[in-house]
Amino acid sequence: MSVQLVIFDCDGVLIDSELIACSADAEALTAIGYPITAAEIVRRFAGIPSDAVYQTIEAEMGRPLPQDFDENVKQTVYEKYRTELHPIDGAAEVLSSITLPKCIASSSAPAKLTLGLVETGLYKLVYPHIYSASLVRHGKPHPDLFQHAALAMGADPADCLVIEDSVAGATAARAAGMECIGFTGGSHCESGHGDLLRSAGADTIIDDLRDVLAHVS
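Under the numbering used here, the first residue of the sequence shown carries the number 57, and numbering increases by one thereafter.
This is the structure we're talking about:
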């Protein structure tokens, strides 16, 4: 394919944040009587906007989450971002080396997305082309966010290359008619994760982010 635009997911692709966020959710949910592990949250909900995740959990619990649940989890994650968050190895190198148009399309809320990129020193390498699921009606696994990013960047979806670490993200990329590289180098990725991404529509699987450069050279 002739790549016109490279679209990066953020969490688990550029910043190693999935275990931080999923651990915060797991601890808070377990404390209110919904026992779940961070690994299970990764398997079930990675890449899906938190609003959709919480709606599913409320349906399974048969009751709403506490009114302050989301805000409390956010504050926990923000605090951990400032002390524990690291970029994915090679992220700055890859973003700096790609001369093609590039952007981020993430399920994270804008404030969390911005904080993660600032804390890891990546913000300046992608600004202003940063798109959050809050901009569209349906988040991943629906194609809306990737379609929005392509339209905003003036690219044909067929000429877009997506880098994703989640099943929801790979599914969304495929639904948008885009080529997808599945990335398994995040600390949350367990054995067999690449097979899951391939089954969801990823064309290629890599575990070193720098391998993206060979696909856009």
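Note that beta-carbon positions come from the ideal geometry of N, C-alpha and C, so glycine has one too.
So, under 8 angstroms CB-CB, Ala214 and Ala161 are touching, yes? Tell me the CB distance rounded to an integer number of Å. The Cβ separation is near 16 angstroms, so there is no contact.
Below 7 angstroms between beta carbons: does that hold for Asp81 and Gly225? no
Could you work out which residue in Val69, Ile237, Arg99 and Leu121 is closest to Ala84 when comparing CA atoms only? Leu121
Should Glu96 go down as buried or exposed, given a rule of 16 or more other Cβ atoms within 10 Å for buried? exposed
Given this structure, state the Cα-to-Cα distance separating His249 from Thr240, to the nearest angstrom. 7 angstroms
Taking 8 angstroms as the limit between beta carbons, can you name the residues of its chain near Ile76, skipping five residues before and five after? Val133, Lys136, Tyr137, Glu140 and Leu141
Any heavy atom of the ligand NAP closer than 6 angstroms to the Cβ of Val223? Although the ligand NAP was asked about, the structure shown includes no ligands whatsoever.
Measuring only the C-alpha atoms, how far is Ser73 from Val218? 19 angstroms
Buried or exposed for Met234, going by 16 or more other Cβ atoms inside 10 Å? buried
Helix, strand or coil: which one does DSSP assign to Lys196? coil
Inter-residue Cα distance where the pair is Ile154 and Ala270: 10 angstroms
Would you identify the three-state DSSP class for Cys216, choosing helix, strand or coil? strand
Buried or exposed: Pro197, going by 16 or more other Cβ atoms within 10 Å of its Cβ? buried
Can you check the segment 128-206 for any beta strand (DSSP E) of at least 3 residues that lies completely inside it and give the ranges in chain order? 158-162 and 186-188
Is the distance from the Cβ of Lys158 to the Cβ of Val69 below 7 angstroms? no
Taking 7 angstroms as the cut-off, decide whether the C-beta atoms of Pro199 and Ala231 are in contact. yes
Going by DSSP, what residue range makes up the alpha helix (DSSP H) through Leu252? His249 to Ala256
Alpha carbon to alpha carbon, how far is Ala87 from Ala94? Give it in angstroms, no decimals. 13 angstroms
To the nearest angstrom, how far is the alpha carbon of Gly172 from that of Val268? 21 angstroms
Beta-carbon gap between Val150 and Arg266 smaller than 7 angstroms: yes
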